[in-house]
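**Q** As given, the protein sequences belong to chains A, B and C, one line each in that order. Residue 1 is where the first sequence starts when you use our numbering, and the numbers rise one by one after that. Residue 136 is where the second sequence starts when you use our numbering, and the numbers rise one by one after that. Residue 772 is where the third sequence starts when you use our numbering, and the numbers rise one by one after that. Think of the CB as a built atom: it goes at the ideal place given N, C-alpha and C, for glycine as much as any other residue. A quick note: this is a predicted structure, and the numbers were derived from the prediction, not measured. This is the structure I want to talk about, given as structure tokens.
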Amino acid sequence: MSKTFIINPEKCTGCRTCELTCAYTHTVNNQPGISRIRAFNTKPPMERGVPIVCLQCDSAACVEVCPVGALQRNQETGAIDVDYERCINCHACYSACPFGNILIEPVNNRIAKCDKCGGDPQCVKFCPTNALEYK
Amino acid sequence: MAKLKSPQELDSLIKELESKLDPEQKKISICQGTGCLASGADKVGKTFVDEIKKRKLDVKLIHTGCHGFCERGPLVVIHPEGIMYQRVKEKDIPEILDKTIKNGEVLKKHLYKDTQGNRYEKEQDVPFYKDQKRIVFALNGHIDPTRIEDYISNQGYGAISKILAGWKPEKVIDTIIKSGLRGRGGAGFPAGIKWQSCAKQKNSKKYVVCNADEGDPGAFMDRSIMEGNPHSVIEGMLTGAFAVGADEGYIYIRNEYPLAVERLQAALKQAHEYGLLGENILGSGFNFEIKVNRGGGAFVCGESTALMQSIEGKVGRPRVKWQHTVKKGLWQKPTVINNVETWANVPAILNRGIDWFTSIGTGDVTDNPWGGSKGTKIFSLVGKVNNTGLVEVPMGMTLRKLVFDIGGGIKNSKKGRKFKAVQTGGPSGGCIPEKFLDNPIDFDELEKLGSMMGSGGMIVMDNRTCMVQVARYFVDFLKEESCGKCTPCREGLRGMSEILNRIVRGKGRSGDIDLLYNLATTMETASFCNLGKTAANPVLSTLKYFMDEYKAHIDNKECPARECGDLIKFQVDKDNCTGCTLCAKNCPTEAISGERKKVHHIDQHKCVQCGVCDDVCNFNAINILSGPEINQKLGE
Amino acid sequence: MVKIKINDKIVQAHKWETVLQAAKRAGFEIPALCYHPSLKADGFCRLCLVEVTKGGKTKIDTACTVPVKEGMEVNLDTPEVVKHRKNILEMLIAQVPDSPVLTELAAKDGLKDVKLAKGEDVCIKCGLCVRICRERIGADALAMQGRGPDVTFTPPFGEAPESCVGCGACAFICPVQCIDYENNFADIKIWGKTFEKAVCSECGMPLEHTSEHIELMKSRHEIIKDEDVLVCEKCSRKNTLETMKNIVDGQLTFKKLGR
Chain A
1 MSKTFIINPE KCTGCRTCEL TCAYTHTVNN QPGISRIRAF NTKPPMERGV
51 PIVCLQCDSA ACVEVCPVGA LQRNQETGAI DVDYERCINC HACYSACPFG
101 NILIEPVNNR IAKCDKCGGD PQCVKFCPTN ALEYK
Chain B
136 MAKLKSPQEL DSLIKELESK LDPEQKKISI CQGTGCLASG ADKVGKTFVD
186 EIKKRKLDVK LIHTGCHGFC ERGPLVVIHP EGIMYQRVKE KDIPEILDKT
236 IKNGEVLKKH LYKDTQGNRY EKEQDVPFYK DQKRIVFALN GHIDPTRIED
286 YISNQGYGAI SKILAGWKPE KVIDTIIKSG LRGRGGAGFP AGIKWQSCAK
336 QKNSKKYVVC NADEGDPGAF MDRSIMEGNP HSVIEGMLTG AFAVGADEGY
386 IYIRNEYPLA VERLQAALKQ AHEYGLLGEN ILGSGFNFEI KVNRGGGAFV
436 CGESTALMQS IEGKVGRPRV KWQHTVKKGL WQKPTVINNV ETWANVPAIL
486 NRGIDWFTSI GTGDVTDNPW GGSKGTKIFS LVGKVNNTGL VEVPMGMTLR
536 KLVFDIGGGI KNSKKGRKFK AVQTGGPSGG CIPEKFLDNP IDFDELEKLG
586 SMMGSGGMIV MDNRTCMVQV ARYFVDFLKE ESCGKCTPCR EGLRGMSEIL
636 NRIVRGKGRS GDIDLLYNLA TTMETASFCN LGKTAANPVL STLKYFMDEY
686 KAHIDNKECP ARECGDLIKF QVDKDNCTGC TLCAKNCPTE AISGERKKVH
736 HIDQHKCVQC GVCDDVCNFN AINILSGPEI NQKLGE
Chain C
772 MVKIKINDKI VQAHKWETVL QAAKRAGFEI PALCYHPSLK ADGFCRLCLV
822 EVTKGGKTKI DTACTVPVKE GMEVNLDTPE VVKHRKNILE MLIAQVPDSP
872 VLTELAAKDG LKDVKLAKGE DVCIKCGLCV RICRERIGAD ALAMQGRGPD
922 VTFTPPFGEA PESCVGCGAC AFICPVQCID YENNFADIKI WGKTFEKAVC
972 SECGMPLEHT SEHIELMKSR HEIIKDEDVL VCEKCSRKNT LETMKNIVDG
1022 QLTFKKLGR
């Protein structure tokens, strides 16, 4: 069994460090706007943040719907990785994801999703409150 | 008629029908092949029926398939004497019936006359037929293709009765391998080897396919076989299906052959009625069904994978052969595909044996099926020869014999026309010059000369045929017919066509020959299918043997054959012109002027270089100028 | 795995790979314009010529259509191969003179003057658009039409195609970017047809796809449900958040989330 994200909303302060980390790791221009993890600030009365990131579903809609087989599970990390060589930019996966966890990079119009940083998720490392865990 | 239930029943039917044949019976066989139909054989045939009825003659009338000598159609042969009348018109029929049939008098005026003026009475003595050896065409002039009984009475379906009486498929395959039968569609792949590799594929549905998509300009032998003897093709396919274990067959035939389609469909129906097709054929448990699939007449559909795509209902374009078609062919199932003529050869081989078949042809095939070319090949002899038509000759006959004996020599030799080259193998073949006239014709020899057997087109060219024009014609044809899928074929042909068209217009440039070579070699190596790989052959072979003509076109703006309109001018020879006015009368643009009995003059501004004046002139008084001559002699 | 030799380097290849795939994986560069990893090779452009020696026979063939075989020797840059590749490139560049992709390839192979007559085409006729539409998207809106040099890759009869869903895959996959495609805020324009984008059933914002494309996806994949696909990314996230909140508040169990 590969490792997975564990999200503890009660620890999340909504600081969005995870978003910044993701942007630094994955985007060319460090745009937090296209971070693959999003920390939502819930409104009062709850007053807490919830980081939302790809769940790497077992029977994933994105994998199912991809016409060219560009989304494949990485056996080592358990993440669903995008093969950009194969991808034809039809964005079917983007629509198919029920959680809205696939996004489109506006720069080059291609899709992006969490790849668990190849097995070492940076967002977990930098989360100051351990709201994100990876085990 | 009842379905035949065993090979024995078929055998006795063959014997019964054979015994009914009376060799002394008066028979008139009228060719109803496409060539003769074009010259009016339809009406001739009908008139014969009416006139015979009127006269109440005891004579059997057979409307046969193509006899081969299409140039002299409509052909009528009177048996048992074998008297051949040619170019028979409706009005001649009463006389033929009254004199020849009733009184046995031979009408000289209808007999074939050669260029020396000799008349030939019997069909088998006519030079066109004398040197032929007819295996596939053997029955063409004798049976009515719409009657299965005619075929059966001539040992028809004897091969299938023989093998279903207890032969193992391996034995059939072995026979075909040992006979050395090579595919008649062009490449000459040994048919038996193909069958063997297909038979090795186990536990799968299999198909046999008959490639009847004959698209070469000037070739019509497959058409004539299907029109004249469709059952031989069906029997061949039955044999092949039994050998490889197929239960479904397709005949892929171009829709431009409506008569062949009709005859085949009728033949299939009759074979069904006799139980020679369908389930449990002759009680052997062997099932086989043939479907006729009409093609839209794309040249590229003659390529095996394109043909299969087309049968599958897709656009007919070659596809990648990840595996050979004998493993994954039609609908990705093992498939044997052979040409019409190949299939039609099969029953003859099984009926008459390996030794008989291998005694005809060249080389030795006992150990190696590639070792030689056995049997006969049908050629459609066309172009500038006297006797055009379909000829079936043993492999290994020399080109000279074919062109000068069977073909009767070059047309208009009195006007000084001489043999220059013969183009074999259709658009993918090449031109063979005079120095190789004594080479034998077989698969390997032709390939050595830079041409190929192809489906058997043979276009004879005389000294007034410009070889650059020949290359241009074939390249333009292939450019239209290329499927456009792969770059070398599509763009290479476009490029070659542009260059050749420029050369024949006198706009050739110095680097053009190198450019042609460059394009041709890349097409040969890098094209997707064999259409592209061989498409450069017309250019390569003419470059090889007639380089001087290309050079004359490019360097001197001269067409040595005086064919290229942009490079020639017509001039009246002052010494020879008698002022007969014939040329002036015939000139379509009224470019020729002159009074009777005075030398005529051609107005170069009006002349369109059509050459009619030269054709009609009886005094050799038209000079055709080209190249530097034009300025010297016309001096304008 | 089978062992093959490419330019004297031993390469391990999967049994099902072609020479092109094996060579690419091993880091070799072979120009190929009609190749796409998600499509079965069909040998259109013929640029990926290599010299293959197998079973004692040497011949020049396209790397994309030759399956690997144990002991096979492949040579990528023999003078013959380069010559033919240059010729093919010249044929292409003569017809499509302004393509940066071709110019770059030509520069690599040292092709300088194009002797063939020039055309003004923009399409290199690689067939990828037709193949992706037919084989992968499943819309089958494009076709290869005509024959010989007149071949075109267009919707039937060159009209705005009926079965096109406006997914834009053809425009994306085109190696020379010659298909006009506009992805606007609320519509997509392609092949002379304007498609309205479907809208989010919750917030009303235009989605990424046309409703035709969504219908096609639904017909091809059972997993696609309206409540997933007709909701925009932001609303999806919001919904996820709501679900999470409910979990935290103990109103939902975790099982309800995910698949």
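Could you work out which residues of chain B lie near C816 (chain C), taking near to mean beta carbons separated by less than 9 Å?
**A** Ordered by position in chain B, the residues that pass the 9 Å Cβ test against C816 (chain C) are C621 and T622.
**Q** Answer yes or no: does any C-beta atom of chain B fall closer than 9 Å to that of H785 (chain C)?
**A** No - not a single Cβ of chain B is within 9 Å of the one on H785 (chain C).
**Q** Opposite N954 (chain C) in the DSSP bridges: which residues?
**A** Answer is C:I959, bridged to N954 (chain C).
**Q** Thinking C-alpha only, which one of B:F492, B:H277, B:G498 and B:D285 is nearest T511 (chain B)?
**A** Comparing Cα-Cα distances from T511 (chain B) to each of B:F492, B:H277, B:G498 and B:D285, the minimum goes to B:F492.
**Q** Return no unless some Cβ of chain C is closer than 9 Å to the Cβ of G200 (chain B).
**A** Not one chain C Cβ lies under 9 Å of G200 (chain B).
**Q** In this structure, does DSSP put D832 (chain C) in helix, strand or coil?
**A** D832 (chain C): strand per DSSP, three-state reduction.
**Q** Hey, does P808 (chain C) have any beta-carbon neighbour from chain A nearer than 9 Å?
**A** Cβ-Cβ to chain A under 9 Å: yes for P808 (chain C).
**Q** So, under 8 Å CB-CB, N691 (chain B) and P763 (chain B) are touching, yes? Tell me the CB distance rounded to an integer number of Å.
**A** The pair is a contact, with the Cβ atoms about 6 Å apart (cut-off 8 Å).
**Q** In chain B, which residues lie less than 7 Å from Q866 (chain C) when you measure between Cβ atoms?
**A** Those are E626, listed as they occur along chain B.
**Q** What residues in the region 902–926 of chain C have a beta carbon less than 8 Å from any beta carbon of chain B?
**A** Taking 8 Å as the Cβ-Cβ cut-off against chain B, the residues of the region 902–926 of chain C that qualify are A914, M915, G917, R918, G919, P920, D921 and V922.
**Q** How far does the alpha helix (DSSP H) with S632 (chain B) in it reach, from first residue to last?
**A** First-last of the alpha helix (DSSP H) with S632 (chain B): T622 to V639.
**Q** Please return the same chain residues whose Cβ sits closer than 8 Å to the Cβ of Q72 (chain A), not counting the five positions on each side in sequence.
**A** Counting only Cβ-Cβ distances below 8 Å, and skipping sequence neighbours, we find V63, I80, D81 and D83.
**Q** Compare the C-beta of S59 (chain A) against all C-beta atoms of chain C and say whether one is closer than 9 Å.
**A** At least one chain C Cβ lies under 9 Å of S59 (chain A).
**Q** Using the C-alpha atoms, what's the distance from L584 (chain B) back to R398 (chain B)?
**A** When rounded, the distance between both Cα atoms is 38 Å.
**Q** Would you mind sorting A655 (chain B) into buried or exposed? The rule is 16 or more other CB atoms within 10 Å of its CB.
**A** By the 10 Å Cβ count, A655 (chain B) comes out buried.
**Q** Should E822 (chain C) and V852 (chain C) be called a contact, given that it needs their Cβ atoms to be closer than 9 Å?
**A** Against a cut-off of 9 Å, the Cβ pair of V852 (chain C) and E822 (chain C) comes out as a contact.
**Q** If you drop the 5 nearest sequence neighbours on each side, which residues of the same chain put their C-beta closer than 7 Å to that of E580 (chain B)?
**A** The residues are N574.
**Q** Which residue from A:G118, A:T129 and A:F126 puts its Cα closest to that of N74 (chain A)?
**A** Here the closest residue by C-alpha is A:G118.
**Q** Since I believe G384 (chain B) is in contact with V115 (chain B) (beta carbons under 8 Å), could you give me their beta-carbon distance rounded to a whole number of angstroms?
**A** There is simply no residue 115 (chain B) to check, as chain B begins at 136 and stops at 771 in what is shown.
**Q** Taking just the CA atoms, how far does A803 (chain C) sit from E626 (chain B)?
**A** E626 (chain B) and A803 (chain C): Cα-Cα distance of roughly 17 Å.
**Q** Output yes if chain C places a C-beta closer than 9 Å to the C-beta of Y94 (chain A); else output no.
**A** Taking Cβ atoms only, chain C reaches closer than 9 Å to Y94 (chain A), which makes this a yes.
**Q** For the alpha helix (DSSP H) containing K509 (chain B), list its first residue and its last residue.
**A** Note, K509 (chain B): premise wrong, no alpha helix (DSSP H); beta strand (DSSP E) at G507 to K509.
**Q** Assess contact between the region 559–574 of chain B and the region 666–673 of chain B, defined as three or more Cβ pairs (one per stretch) separated by less than 8 Å. Is contact present?
**A** At 8 Å Cβ cutoff, the stretches touch.
**Q** Taking only beta carbons into account, state which residues of the region 64–82 of chain A come closer than 8 Å to chain C, listed in chain order.
**A** Those residues of the region 64–82 of chain A that come within reach of chain C (Cβ to Cβ, closer than 8 Å) are E64, V65, P67, V68, G69 and A70.
**Q** Can you tell me whether DSSP reads H785 (chain C) as helix, strand or coil?
**A** The answer is coil: DSSP assigns H785 (chain C) none of H, G, I, E or B.
**Q** Using 9 Å as the threshold, is the C-beta distance between P868 (chain C) and V845 (chain C) below it?
**A** Cβ distance not < 9 Å, so P868 (chain C) and V845 (chain C) don't count as in contact.
**Q** Determine, using beta carbons only, whether I757 (chain B) and D683 (chain B) come nearer to each other than 9 Å.
**A** Not closer than 9 Å, so no.
**Q** Classify V674 (chain B) as helix, strand or coil using the three-state DSSP reduction.
**A** Helix.
**Q** Between L847 (chain C) and I801 (chain C), how many whole angstroms is the CB-CB distance? I'm expecting something under 8 Å.
**A** So it is a contact: roughly 6 Å between Cβ atoms.
**Q** Any beta carbon of chain C sitting closer than 9 Å to that of E85 (chain A)?
**A** Yes, E85 (chain A) counts as interfacial toward chain C.
**Q** Would you give the residue range spanned by the beta strand (DSSP E) that K555 (chain B) belongs to?
**A** It spans F554 to T559 - the beta strand (DSSP E) in which K555 (chain B) sits, taken as one unbroken run.
**Q** Which two residues bound the contiguous beta strand (DSSP E) that contains A969 (chain C)?
**A** Its beta strand (DSSP E) spans residues K964 to V970.
**Q** So what does L516 (chain B) bridge to, in DSSP terms?
**A** Looking at the DSSP assignment, L516 (chain B) forms a beta bridge with B:G524 and B:M593.
**Q** Step through the CB atoms of chain E and report whether any lies within less than 9 Å of the CB of F40 (chain A).
**A** The chain inventory of the structure shown lacks chain E, comprising the protein chains A, B and C.
**Q** Quick check: what's the CA-CA separation for T789 (chain C) versus T836 (chain C)?
**A** Their backbone Cα atoms lie some 7 Å apart in a straight line.
**Q** Have a look at A378 (chain B) and G315 (chain B) and give me their C-alpha separation to the nearest angstrom.
**A** Going from the Cα of A378 (chain B) to the Cα of G315 (chain B) covers about 16 Å.
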